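Student: Residue numbers (my numbering), protein chains in the order written: chain A, 10 to 341; chain B, 134 to 422; chain C, 61 to 317.
A virtual CB, placed ideally from N, CA and C, is assigned to each residue, including glycine.
All values derive from a computational prediction rather than experimental measurement.
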Amino acid sequence: MDASSPTLAKIDQPHGIRRHGLPMGLAIAVLLASAIVIPQFAANQFYLHLANIVLINAIFAMSLGLIMSVGQLSLGHAAFVSAGGYISALAALNFKVPPLLGIVLAGLTTGLVAAALGKVILRLRGVYFVLVTFLAGQVFTLIALNWQSVTHGANGLIGIPAISLFGFPLATRLRFYYFALAAFVLVFTFIWALMRSQYGRAFGSIAENMRLAEASGIDVSRYQIIAFSLGSGIAGGAGAIMIHYIRFISPDSFTFSDSIAYITMLVVGGRGSLVGGALGSLFLTPLPEALRGLAGVQHILYGVILLGVLLFLPGGLVSVGRFFKRGLGRQK
Amino acid sequence: MDYATLIGQATLNGLVIGAMYMLMAVGFTLTFGIMRVVNFAHGEFYMLGAFTAFFTYAYWEIPFVVCLLIAALTVGILGVLVEGALIQPFRDDETSGMIATLAISVIIQNAAVLIWGPAPRPMPDIVQGTLMLGPFSFPWSRLVVIAAAVLIFVTFWLFMQGTRTGRAMRAVAQDKETALIQGIRINAIYPLAFGMSVALAALAGALMGPVFSVSPFIGLTPMLKAFVVVILGGLGSVPGAVVGGILLGLIESFTATMFGSLVSDILQLLLVIMILLVRPSGLLGQREY
Amino acid sequence: MSALLEVERISRRYGGLNALKDVSFSVREGEIVGLIGPNGAGKTTCFNVVSGAVPPSSGAIKFKGRNIVGRKTSQIVHDGLVRTFQATTVFPASSVIENVLRGAFATTPVSMFGSIINTGASRATLAVTRKRCEQLLERLALSQFRDRKASELSYGGQRRLGVAIALAANPKLLLLDEPVAGLNPEEAADFGRLIRELHESEKLSVLLVEHHMRLVMGLCNRIVVLDHGEKIAEGKPTEISVNPKVVQAYLGTEVVA
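1. Scan the stretch 123-146 of chain C for residues whose Cβ lies nearer than 9 Å to a Cβ of chain A and list them as they occur along the chain.
2. With DSSP as the reference, identify every bridge partner of A:L174, one or two as the case may be.
3. Since A:H86 and A:I172 are thought to touch, with beta carbons under 8 Å apart, how far apart are those beta carbons, to the nearest angstrom?
4. Roughly how many angstroms separate the alpha carbons of C:F124 and C:V87, rounded to a whole number?
5. Out of C:V284, C:C280, C:M273, point me to the one whose CA is closest to C:V266's CA.
6. For the stretch 249-263 of chain A against the stretch 150-162 of chain A, do three or more pairs of beta-carbon atoms, one drawn from each stretch, fall closer than 8 Å, so that the two count as touching?
7. Find the nearest neighbour of B:L325 within the set B:M407, B:I203, B:M302, B:A186, judged by alpha-carbon distance.
8. For C:V50 and C:P116, I'd like the C-alpha separation in whole angstroms.
9. Per DSSP, which one or two residues make a beta bridge with B:M265?
10. DSSP three-state call for B:Y422: helix, strand or coil?
11. Closest by CA to A:A189, which one among A:L126, A:I112, A:G226?
12. Kindly list the residues whose CB is nearer than 6 Å to the CB of B:G147, restricted to its own chain and excluding five residues on each side of it in sequence; keep chain order.
13. For the alpha helix (DSSP H) that contains A:I290, what are its first and last residues?
14. Can you give, in chain order, each stretch of the alpha helix (DSSP H) that sits fully within the stretch 117-160 of chain C and has at least 4 residues?
15. Along the alpha helix (DSSP H) that carries A:D267, what are the first and last residues, could you check?
16. Nearest to C:G112 by CA position, among C:I70, C:T179, C:I283, C:Q218, is which residue?
17. Have a look at the DSSP bridge pairing and note the partners of A:V113.
18. Taking the alpha carbon of B:V361 as the point to measure from, which residue in B:P349, B:F350, B:V375, B:I351 has its own alpha carbon closest?
19. Can a CB atom of chain C be found closer than 8 Å to the CB of A:N103?
20. Taking the alpha carbon of C:S261 as the reference point, which residue from C:V83, C:E91, C:E68 has its own alpha carbon closest?
21. Let's see if you can read the secondary structure: which residues bound the beta strand (DSSP E) around C:V67?
22. Would A:L303 be called buried (16 or more neighbouring beta carbons within 10 Å of its own) or exposed?
23. Going along chain A in order, which residues have a C-beta closer than 7 Å to the C-beta of B:S240?
24. Kindly identify the DSSP beta-bridge partner or partners of C:G295.
25. I need the boundaries of the beta strand (DSSP E) containing C:L77, first residue and last residue.
26. Under the DSSP definition of a beta bridge, which residues are partnered with A:R231?
27. State the start and end residues of the unbroken beta strand (DSSP E) segment that holds C:I96.
28. According to DSSP, what are the bridge partners of A:L344?
29. Just verifying my parser: in three-state terms, what is the DSSP assignment at A:R339?
30. Quick check: is the beta carbon of A:F143 nearer than 8 Å to any beta carbon in chain B?
31. Could you check how far apart the C-beta atoms of A:E223 and C:S134 are, in whole angstroms? I think they sit under 8 Å.
32. Considering Cα atoms alone, identify which of C:D287, C:G278, C:V269 is closest to C:T298.
33. To the nearest angstrom, how far is the alpha carbon of A:L166 from that of A:R256?
34. Can the beta-carbon of C:L275 be found closer than 8 Å to that of C:C106?
35. Could you name the residues of the same chain whose beta carbon sits closer than 6 Å to that of A:G289, not counting the 5 residues immediately before and after it, in chain order?
36. Counting only runs of 4+ residues fully inside the stretch 168-203 of chain C, write out the alpha helix (DSSP H) ranges in chain order.
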């Protein structure tokens, strides 16, 4: 793929974190502390719900960013989210599998499916990959709709149990909030560590110059499959988390337009940064709520924002922060 | 129901949708071949073509041939404008270009819902009556679609082979650098190619309007099939799009008659994956890079 | 001296066209071999086939006695056969040192899992690699640019970086694809010296595809000449420059110096 598009792996600049060590660490600590403490005081149910969706959507967008960090665009991301949701829901409803285990199961299964699919399609680089992920997503929706005996078709599955921790059900929004926050932090840390490692180095090489990466002894298809599988597996796991919160899933829960929504979040937040996906979710998830009176305009606005960011702010919102930081640095 | 009727029906239906897939895929593969742009809004231009035909034909009762011309022209011009404003900026960045067309697709589709509402609208047939050939009976309305699609493709083919602009487009598709050296103006070719590509989609939409019905959501399936076709036929290959389109139409029609449309759709994806395993660049395509 | 690389009767057809026909040659350990020929002689095809980027239609390629046809490029690199690219090829948006670290990917023996949780062992291994890469930069006069983006380097600088990336993979045999094309005479001469130095200090074997006759004649122990996809001559530079077949192939195109 082209070298000009920013990728996640480029955040792996040597010494990057260490150089900003203290202030960065402090900022993270403050952010995390306020994320933990604030909901205790301002327990508005609506905002809590929104915060929960923001966190899970952030995981979706970040996992998509992981796939994009090797230069691949997946248009089937929502299908993996949905597949994860169905796996855990069906396991819980039919076999009484505890949701926590179901979530792990969903993540593993979707990750493996992605690896298998990736083995087939990642030999086809770039465009073919995009087209096949798109087709695979559509076929998944078709199956979910038509496999009545298992998925109950368009009616979906109801009565999905809430996650329970040590016999303590996370059935309120506040309780789930802490679970979602923990999941978010876990995924964030994992991807951050991955990008800092030799994997990140391989991913970045592939995204920037595939031929040179191969000539440097980096097994391009292997790392592309790893990124696709990890990203899709995380999406599947997070999809399971989501449906144990919503307590319902149907083929319409996660569709192609959700795949586009995740892409929008990632691009708007910033493709080149792990924070980008989270930031994009933070900005775009509440948007439909703010536009309640204007049903229909919402999607158009999503599209317009996406185009606008692509055209005028290719680095996404994250790059605004960087821009200011550089400006400040110059003034010193 | 006897087999002859069934087979005749399936073949005719296969050829009708195959003709549509062919037009869709030729347009889709054209933008990729010339501009290296994957146009995810291709189906929305199909939808716009269908709506144009709907309003001009069902409301204003203009002769259908003129309706087709209007659809091709309006959507084609829209395509030229869209290319210049929203796709050109991403010329060197395939991924961003793809995402941009996704955004365009979202905007067009939802604007259509906002303006025309989500409900499907039926459209009257262009012609009445059936052609009887032995045990087979073919509705003229379907035969006209096939004939029109063939005519449109032949016109397109003659344009590509016979005119200066068409030759320039082929030159760009073959080797951009050399074409540039020969003085071909890419900045004129690209919007034109994009406009032509989406005009083909609009024509397909206008032709299919009377066969199916017209709604803001009708673009998705034909685009999906165009993807399948170009994967089968090879991205960027026009002959591949023609052969693949008709082949897919027939495969779909027959498998749907035998096993139902769901199995048919799943079989198609399996077919795609199998073909990609054996021939990663499609049946008639050339290897990339 | 044993043969490091043995190319045995390789052919490559594109459609009906024979881009390469029954070409055989070898590179022995510690040797610099030049691969020359007029435009369209099949040099680039030959290079791509030998480096594993393009499979041969027939024939065998043995590296260290082992057939490498059909092996993945990344595996061939692990074995010690490393190529550079004709056009300037770097990781443009990354720092110079990061470019070289990426080149050293195959020769950095960290466990991937250890690298994720950043164990002491993996940090130590990476520190060794980093040191080696810094030395490479030093050696190729790129140290002062270590934190610059690769795209900000001059043309010649990017060429040297390309070689540094290849050397970071610890090659036994380095395949150089027209390394001095587009460089000015002075830069080209510098480049020649550099290759000779590396050859002497690292016991590096080199297969060099090049147009630049002076460089090839001055540098190579042995030269293989291709014309129309076939080998027409092989020998020492002094023999090649007077070989009538070679002179004829080049007639009117270039003067064999």
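Tutor: In terms of the structure at hand:
1. K132, T133, S134, Q135, I136, V137, H138, V142, R143, T144, F145
2. A:F177
3. Rounded, the Cβ-Cβ distance is 22 Å, inconsistent with contact.
4. Residue 124 of chain C is actually Lys in this sequence, not Phe. Those two C-alpha atoms are separated by around 10 Å.
5. C:C280
6. yes
7. B:M302
8. What is shown of chain C runs 61 to 317, which leaves residue 50 of chain C out entirely.
9. B:S270
10. Confidence is the limiting factor: at B:Y422 the pLDDT is only 32, short of 50, which leaves the residue's position unreliable, though a coordinate-based value still follows. Note: B:Y422 maps to coil in three-state DSSP.
11. A:I112
12. G382, L383, S386
13. In the sequence as presented, Ile is not what sits at residue 290 of chain A; that position holds Ser. Residues 283-293.
14. 133-139
15. 265-278
16. C:I70
17. BP columns for A:V113 are empty, so no partner.
18. B:V375
19. no
20. C:E91
21. Residues 63-74.
22. exposed
23. For the sequence presented, residue 240 of chain B should be read as Ile rather than Ser. What B:I240 touches in chain A: I309, G312, V313.
24. Bridge partners of C:G295 according to DSSP: C:I283.
25. 77-88
26. Its beta-bridge partners do not exist; DSSP assigns none.
27. 92-96
28. The structure shown has nothing for residue 344 of chain A, since chain A only spans 10 to 341.
29. The pLDDT assigned to A:R339 is 47, lower than 50, so where the model puts this residue is not dependable, and the model offers no usable value.
30. yes
31. 6 Å
32. Closest option to C:T298, Cα to Cα, is C:G278.
33. 8 Å
34. Against a cut-off of 8 Å, the Cβ pair of C:C106 and C:L275 comes out as no contact.
35. A70, M274, L275, V277, G278
36. 172-177, 180-199
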